[in-house]
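Accompanying notes for the structure given below.
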Amino acid sequence: MRAHFGHQHWWPGETPFEVCVGAILTQNTAWSNVERAIANLKAARVLEPGKLFALSEPQLAALIRPAGYFNVKARRLRSFLRVLVEEFGGELERLLAIHGIGPETADSMLLYAGGHHRFVIDAYTRRIFHRHGWSRGDAGYEKLQRLCESALNHKPQAARLDYWQDYHAQLVITGKDFCRTRQPRCAECPLKSLLPSKV
DNA sequence: GACCAGGCACATC
DNA sequence: GATGTGCATGGT
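As numbered in the numbering used here, residues -11 to 187 make up the first sequence, in order.
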């Protein structure tokens, strides 16, 4: 896939903090809308933990409005910022205990901001694996993650963090470009010849 | 106007 | 444990 598409250079974000904010804002939301919200935060010069946490929830919601679910995400951002500002000791593994940080959001932060070797299971990954017959459509997050990580760990490239980061990015752009159909299997997927016959 | 997009928490059964 | 629902903007 990388030979086909080229390196994706994920995650888009200038700092680890921007990566974390983007991970929350992009929940069930197109990245183009997240970019507008982040641009608003940058224009207001509040894209750093202390300044962002100093905003009221309505102020924050107004700035992130283009990302959708702005009231929900303002609450989620503040719950993340409260822990980050007041009690986070750099222990990223505690992310999942924070309200509004589910497994995918936490894994995105761990992989792209924290430098941990994690496989992010998102909707595209789930769809691609299901349609190629490698998993059930209703497979749980952790089960699918174990399947992917055990397959990746057999590869010598897996020692490099960059390999894990770009692996996820490649799956997402593949999902965007070729797997939007409602067909049960991607019979016409141009990537079929590029993908392994099994995980 | 309908559908979709780099989810999550909560209620209900 | 499984399923359904609310949250909300912007592009196609």
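Each residue gets a CB set at the ideal place from its N, CA and C atoms; glycine is no exception.
Go ahead and pull the three-state DSSP assignment for residue i.
i: Arg173; result: At Arg173 the pLDDT is 48, less than 50, meaning the model places this residue with poor confidence; the figure from the coordinates comes in the next sentence. If DSSP states are grouped into helix, strand and coil, Arg173 belongs with coil.
i: His(-5); result: coil
i: Asp95; result: helix
i: Ser138; result: helix
i: Leu15; result: Correcting the residue identity first, residue 15 is Gln in this sequence and not Leu. In the structure shown, Gln15 sits in coil (DSSP, three-state: anything other than H, G, I, E or B).
i: Val73; result: helix
i: Phe107; result: coil
i: Ile26; result: helix
i: Asp154; result: helix
Considering only residues of the same chain and omitting the five flanking positions on each side of residue i, which have a CB-CB separation below 8 Å?
i: Arg33; result: Lys39
i: Glu130; result: Pro91
My assumption, with CB atoms under 8 Å, is that residue i sits in contact with residue j. Please give the rounded CB distance.
i: Phe58; j: Ile89; result: Their Cβ separation, rounded to whole angstroms, is 17 Å, which puts Phe58 and Ile89 out of contact at 8 Å.
i: Ala62; j: Asn21; result: 15 Å between Cβ atoms; not a contact.
i: Leu99; j: Trp152; result: 6 Å
i: His105; j: Leu149; result: 6 Å
i: Arg66; j: Leu48; result: 7 Å
Give every residue of the same chain whose Cβ lies closer than 7 Å to the Cβ of residue i, excluding the five residues on either side of it in the sequence, and list them in chain order.
i: Gly125; result: His118
Near residue i, which residues of its chain fall below 6 Å by C-beta distance, leaving aside the five closest residues on each side in sequence?
i: Trp(-1); result: Val7, Tyr100
i: His156; result: Val108
Per the contact definition of three or more C-beta pairs closer than 8 Å, is the segment 5 to 15 in contact with the segment 90 to 104?
With the cut-off at 8 Å, the segment 90 to 104 and the segment 5 to 15 touch.
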